[in-house]
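Chemist: Structure in structure tokens, see below.
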Amino acid sequence: QKEVEQNSGPLSVPEGAIASLNCTYSDRGSQSFFWYRQYSGKSPELIMFIYSNGDKEDGRFTAQLNKASQYVSLLIRDSQPSDSATYLCAVNIGSNFGNEKLTFGTGTRLTIIP
Amino acid sequence: KAGVTQTPRYLIKTRGQQVTLSCSPISGHRSVSWYQQTPGQGLQFLFEYFSETQRNKGNFPGRFSGRQFSNSRSEMNVSTLELGDSALYLCASKGRDTQYFGPGTRLTVL
């Protein structure tokens, strides 16, 4: 089993709809979780991070974390064509400061259809 | 505040050569991590440096090495290049909560 798993997609969503991206992880001790967006040919850029169970909202983006189910998701409301990109889920494997390692999923390619 | 910078941005080498990549983190950040990104394997962690010491290491062969200087700038070296080393090499500067990536160095090995 991979440490961080994502559906590779592609995921196609109509403009204005909600895009839902999912990620599962294997290490129950993981403490922090990140979503990065990567446009083709560019480096990943941070969208959100979440540490606690529940929802965290930032503008059109909502991250959801369920540690019991080892599941983290990203919702994008009112999807725009500019949201078309690959979304990477990253998990900090290792709970001790100084022993952290960011492990990435392979990414989900999202396409917003005008 | 200036972002993470990486040099060079593009590099072409032949098999058997060695290469050195450079990364300057965000001012005030002391941790630098290096990643390799390929279409097949995705983003894979190489190593992390903090205050000139390697603090964490991924599962890459010894041909991949790095170091960090007192000003937090970091270099990564790959010796005896193989075709499979062709990739985008990203460095990330870590602040209090998370990492910020540089633009990357695209290495092509012929």
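Protein chains in written order, with my numbering: chain B, -6 to 107; chain R, 89 to 198. Even for Gly, the Cβ is constructed at its ideal location relative to N, Cα and C.
Which first and last residues belong to the beta strand (DSSP E) in which Arg194 (chain R) is found?
Modeler: Thr193 to Val197 is the extent of the beta strand (DSSP E) around Arg194 (chain R).
Chemist: Taking Gly47 (chain B) as part of the beta strand (DSSP E), name the residues at either end of that continuous run.
Modeler: Gly47 to Asp51
Chemist: Beta-carbon of Pro191 (chain R) versus every beta-carbon of chain B: anything under 8 Å?
Modeler: At least one chain B Cβ lies under 8 Å of Pro191 (chain R).
Chemist: Between the beta-carbon of Arg194 (chain R) and the beta-carbon of Tyr98 (chain R), is there less than 8 Å?
Modeler: yes
Chemist: My output table needs one value for Leu169 (chain R): the three-state DSSP class, helix, strand or coil.
Modeler: coil
Chemist: In the DSSP assignment, what are the bridge partners of Glu9 (chain B)?
Modeler: Sequence inspection shows Gly at residue 9 (chain B); the Glu mentioned does not correspond to that position. Paired residue(s): none; Gly9 (chain B) is not in a bridge.
Chemist: Alpha carbon to alpha carbon, what distance is there between Ser13 (chain B) and Leu39 (chain B)?
Modeler: 17 Å
Chemist: Using a Cβ-Cβ cut-off of 7 Å (strictly less than) and excluding sequence neighbours within five positions of Ser77 (chain B), which residues of its own chain qualify?
Modeler: Spatial neighbours of Ser77 (chain B) in its own chain (CB-CB distance under 7 Å, excluding positions within 5 residues in sequence) are listed in chain order as Leu103, Thr104 and Ile105.
Chemist: Under 8 Å between C-beta atoms, does Tyr137 (chain R) make it to chain B?
Modeler: no
Chemist: Which whole-angstrom value is the C-beta distance of Gln(-1) (chain B) and Cys82 (chain B), which I expect to be below 8 Å?
Modeler: Cβ atoms of Gln(-1) (chain B) and Cys82 (chain B) come within 8 Å of each other, at about 5 Å.
Chemist: Are the CB atoms of Leu178 (chain R) and Val197 (chain R) within a distance shorter than 8 Å?
Modeler: no
Chemist: When you compare each of B:Tyr29, B:Ser72, B:Ser62 and B:Thr99 to Ser5 (chain B) by their alpha carbons, which one comes out closest?
Modeler: Ranking the options by Cα distance to Ser5 (chain B), first place goes to B:Ser72.
Chemist: Could you tell me whether the segment 19 to 35 of chain B touches the segment 102 to 115 of chain R, using the rule of 3 or more Cβ pairs below 8 Å?
Modeler: no
Chemist: Select from B:Ser62, B:Leu95, B:Thr96 and B:Gly52 the residue whose C-alpha is nearest the C-alpha of Arg21 (chain B).
Modeler: B:Ser62
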